[in-house]
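Residues in the sequence shown are numbered from 1 upward in steps of one, following the UniProt record's numbering. What follows is a single structure, written as structure tokens, with notes after it.
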Amino acid sequence: MSSAKSILLIDYEASVREVLQVCLSEIGGWNVIAVASFEEGLALLLTEKLDAIIMDNVTAKRNSTRFIQKLKANPLTQSIPILLITHKASWYSRQHLQEMSVVGAIAKPFDPVFLPVQISKLLGWNSTVPSD
Numbered sequence: 001m002s003s004a005k006s007i008l009l010i011d012y013e014a015s016v017r018e019v020l021q022v023c024l025s026e027i028g029g030w031n032v033i034a035v036a037s038f039e040e041g042l043a044l045l046l047t048e049k050l051d052a053i054i055m056d057n058v059t060a061k062r063n064s065t066r067f068i069q070k071l072k073a074n075p076l077t078q079s080i081p082i083l084l085i086t087h088k089a090s091w092y093s094r095q096h097l098q099e100m101s102v103v104g105a106i107a108k109p110f111d112p113v114f115l116p117v118q119i120s121k122l123l124g125w126n127s128t129v130p131s132d
């Protein structure tokens, strides 16, 4: 059994999901489950043990705040750290992120090579990814 961290990735853009999945699994060395919607994510959260959730702040029809509130209200998912990856990262102050129970926000566009280092730092994970 692998000791790699498992991440749920939620982004409605297929091309972004693909880049993120390759980046996080190949460079970061993590197990990544990528889905297009909050509904798919919720279904997986009930069956998979996950170490983190990385999600776009808005999918096609649903607001991320409502989804995060559901996760934080559920004893099975409330301890899973959540990161936003969004075009709107600059909109979120540290206080707003804390109020949302989110660890941090990473701006799109992102540098795929450096992204696993950013994620590791935000989650407090030891990274073996080169930081240059």
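Each residue gets a CB set at the ideal place from its N, CA and C atoms; glycine is no exception. Keep in mind it's a predicted model, so treat the numbers as computed, not measured.
- So what's Gly-104 in DSSP terms, helix, strand or just coil? Along the sequence shown, one-based indexing puts residue 104 at 104. Looking at Gly-104 - three-state DSSP - the assignment turns out to be strand.
- Query: Does DSSP put Ala-14 in a helix, in a strand, or in coil?
  - Reply: Stepping through the sequence shown from its first residue, residue 14 is reached at position 14. Correct three-state label for Ala-14: helix.
- Item | Minimum C-alpha distance to Asn-31 - residue among Glu-13, Tyr-12, Ala-52 | Here residue 31 is taken as the residue at index 31 of the sequence shown, counted from 1. Among Glu-13, Tyr-12, Ala-52, the Cα nearest to that of Asn-31 is on Ala-52.
- Between which two residues does the alpha helix (DSSP H) harbouring Ile-119 extend? The residue you call residue 119 lines up with position 119 of the sequence shown. Counting along the chain, the unbroken alpha helix (DSSP H) around Ile-119 starts and ends at 115-123.
- Query: Going by C-alpha distance, which of Ala-14, Lys-108, Leu-50, Glu-99 is nearest Thr-86?
  - Reply: In the sequence shown, the residue the question calls residue 86 occupies position 86. Nearest option by C-alpha distance: Lys-108.
- Item | Sequence-distant residues of its chain with Cβ nearer than 6 Å to Gly-104 (five each side left out) | Reading the sequence shown from its first residue, position 104 is the one you call residue 104. The beta carbon of Gly-104 sits closer than 6 Å to the beta carbons of Leu-83, Leu-122 from its chain, once the five residues preceding and following it are set aside; these are given in chain order.
- Would DSSP call Leu-76 helix, strand or coil? Locating residue 76 in the sequence shown gives position 76, counting from the first residue. Residue state, collapsed to three classes: coil.
- Which of helix, strand or coil DSSP assigns to Ser-2: Against the sequence shown, residue 2 aligns to sequence position 2. In this prediction, Ser-2 has a pLDDT of 48, which is less than 50 and means its spatial position is unreliable; what the coordinates show is noted afterwards. DSSP places Ser-2 in coil when its eight states are reduced to three.
- Task: Work out the CA separation of Val-117 and Asp-56 for me, nearest whole Å.
- Result: As a position in the sequence shown, residue 56 is number 56, starting the count at 1. As a position in the sequence shown, residue 117 is number 117, starting the count at 1. About 18 Å.
- Separation of Gln-69 from Ala-36, as counted between CA atoms: On the sequence shown, position 36 is the one that residue 36 refers to. On the sequence shown, position 69 is the one that residue 69 refers to. Rounded to whole angstroms, Ala-36 and Gln-69 show a C-alpha spacing of 19 Å.
- Message: Pull the bridge partners of Ile-53 from the DSSP assignment, please.
- Response: In the sequence shown, the residue the question calls residue 53 occupies position 53. DSSP output for Ile-53 lists Leu-8, Ile-82 as bridge partner(s).
- Query: Residues bridged to Ile-33 by DSSP?
  - Reply: Stepping through the sequence shown from its first residue, residue 33 is reached at position 33. Partner residues in the beta bridge of Ile-33, as assigned by DSSP, are Leu-8.
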